[in-house]
Every structure is written in structure tokens, then in C-alpha cells.
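Heads up, the sequence shown is in our numbering, so the first residue is 15 and it goes up one at a time. From the three backbone atoms N, C-alpha and C, an ideal C-beta is built for every residue, glycine too. Treat the numbers as computed from the prediction; the structure is a model and nothing was measured. Each remark here refers to the structure printed beneath this line.
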Amino acid sequence: MKDQAVIDRALPVGQERAGKYLTFSLASEEFGIRVLQVREIMGLQDITFVPQAEPHIRGVINLRGKVVPVICLRTKFGMPKIESTQRTCIIVVQVRGEDGLMLMGVLVDSVSEVVTLNGSEIEDTPEFGTGQDLGYILGMAKVRDSVKILIDIEQILTASEISGLERLRK
Numbered sequence: 015m016k017d018q019a020v021i022d023r024a025l026p027v028g029q030e031r032a033g034k035y036l037t038f039s040l041a042s043e044e045f046g047i048r049v050l051q052v053r054e055i056m057g058l059q060d061i062t063f064v065p066q067a068e069p070h071i072r073g074v075i076n077l078r079g080k081v082v083p084v085i086c087l088r089t090k091f092g093m094p095k096i097e098s099t100q101r102t103c104i105i106v107v108q109v110r111g112e113d114g115l116m117l118m119g120v121l122v123d124s125v126s127e128v129v130t131l132n133g134s135e136i137e138d139t140p141e142f143g144t145g146q147d148l149g150y151i152l153g154m155a156k157v158r159d160s161v162k163i164l165i166d167i168e169q170i171l172t173a174s175e176i177s178g179l180e181r182l183r184k
């Protein structure tokens with residue numbers, strides 16, 4: 015199988031981001047992650063608190079006998095905390111860690127839909143001049159009359175945070 019970077023370079027500009035995305039909401043904003051990284055979507059369940067973890071690490075869940083760390087994207091993105099609702103859910107994604115592939119839960123306000131995007135519907139992230147690292151944003155998708163922020167879930171966390179999550183599940 016070809017390395018993903020080689021495949022991406024072979025595609026026309028913009029087409030490397032094309033594909034299917036699962037969209038979800040945080041506050042009034044819509045985001046999308048690649049469907050290929052999603053393993054399942056589950057309703058909110060008991061999350062075991064982990065003492066002295068980073069504030070955005072909500073804890074861990076037991077997923078069919080596996081310990082899976084759960085992060086809160088609201089907290090990670092600096093959004094205000096809210097009470098969970100019936101629509102609050104956990105998106106279980108697969109990310110690369112030092113020890114190989116691992117599962118991670120991502121707590122979101124609600125899941126919206128799966129959209130198929132072509133390269134012409136995705137624009138580069140505008141420059142905001144804040145000096146912030148926005149490398150986790152793949153681009154801005156124009157879907158109907160709205161904009162969805164496409165994120166690379168593997169880039170949301172730093173290498174040390176992923177390493178810490180790997181230790182949580184052992």
C-alpha cells in the first residue's frame with residue numbers, strides 16, 4: 015500500500031482534502047473530521063476521572079474491555095463548558111501514537127451528518143495573524159450556506175499529550 019504522503023502529492027492541489035467527513039457541533043460552530051478515522055459514535059456514558067490529567071482530558075471509558083481516553087474538544091478549543099445534553103456524544107477515532115494506532119474518544123455537543131466534499135469546496139485556512147498554531151485545521155468547507163471547519167484529529171493533541179493518553183490506556 016502506498017504511503018499517504020505519496021498519494022497526497024500525486025493528487026491535484028486541494029484534492030488531498032477531498033472525501034467524506036463526519037460533521038459535528040461545538041457551541042454554534044460546525045466541524046468535520048475524516049470518516050476514515052472514525053470507528054464509532056456512541057452516546058454519552060460514564061467517564062472515569064483521571065486525577066491530575068490535563069483539563070481537556072475528561073477521563074477514560076471502558077469500550078468492550080479496552081480503556082479508551084476521552085478528550086473534551088470544547089475545553090481543548092477554549093470554549094465555555096456546558097452541561098451535557100441528550101445529543102452530547104463521544105466520537106471514537108483512531109489516531110497514531112508512539113506505540114502504533116490507538117483509539118481515543120472525542121466528546122462533542124452533537125453529531126450532524128456525513129458530507130462528501132470535493133477539493134473545490136474546501137478552502138485554505140485564512141491567516142488570522144494571532145501567532146497561534148492552527149496546523150490542526152485542514153481547511154474551511156463550504157457546505158450549502160454554511161462553513162464547516164475541517165480538522166485533523168491527530169494534530170489536535172501534541173506528541174506529549176498523545177504519549178500521556180497512551181499511558182492512560184495501559
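request  = Check K90 in the structure and name its three-state DSSP category.
outcome  = K90: helix per DSSP, three-state reduction.
ask   = Measuring CB to CB, does V122 end up less than 8 Å from R53?
value = Contact flag unset, no.
query = So what does DSSP say about E97, is it helix, strand or coil?
reply = When DSSP states are grouped into helix, strand and coil, E97 belongs to the coil group.
task = For the beta strand (DSSP E) containing I104, list its first residue and its last residue.
result = Its beta strand (DSSP E) spans residues 103–111.
Element boundaries [beta strand (DSSP E), containing I71] = Where I71 is concerned, the enclosing beta strand (DSSP E) stretches over 71–77.
query = From I71, L77, A67, pick the residue whose C-alpha is nearest to that of Q59; which is it?
reply = Here the closest residue by C-alpha is L77.
ask   = What distance in whole Å lies between the Cβ atoms of V120 and I96, which are believed to be in contact at a cut-off of 8 Å?
value = About 16 Å; that fails the 8 Å criterion.
key: From L40, V128, I151, residue whose alpha carbon lies closest to that of I102   = Per the sequence presented here, residue 102 reads as Thr, with Ile not at that position. The option with the nearest alpha carbon to T102 is L40.
ask   = With distances taken from CA atoms, which of D113, V161, M118 is nearest L131?
value = Put simply, of D113, V161, M118 the residue whose alpha carbon is nearest the alpha carbon of L131 is V161.
ask   = Can we say the stretch 149–159 touches the stretch 61–75, given the rule of at least three CB pairs closer than 8 Å?
value = The stretch 149–159 and the stretch 61–75 do not touch, with fewer than 3 CB-CB distances between them shorter than 8 Å.
key: Burial state of T114 (16 or more Cβ within 10 Å)   = The sequence as given places Gly at residue 114; Thr does not occur at that position. Result: exposed.
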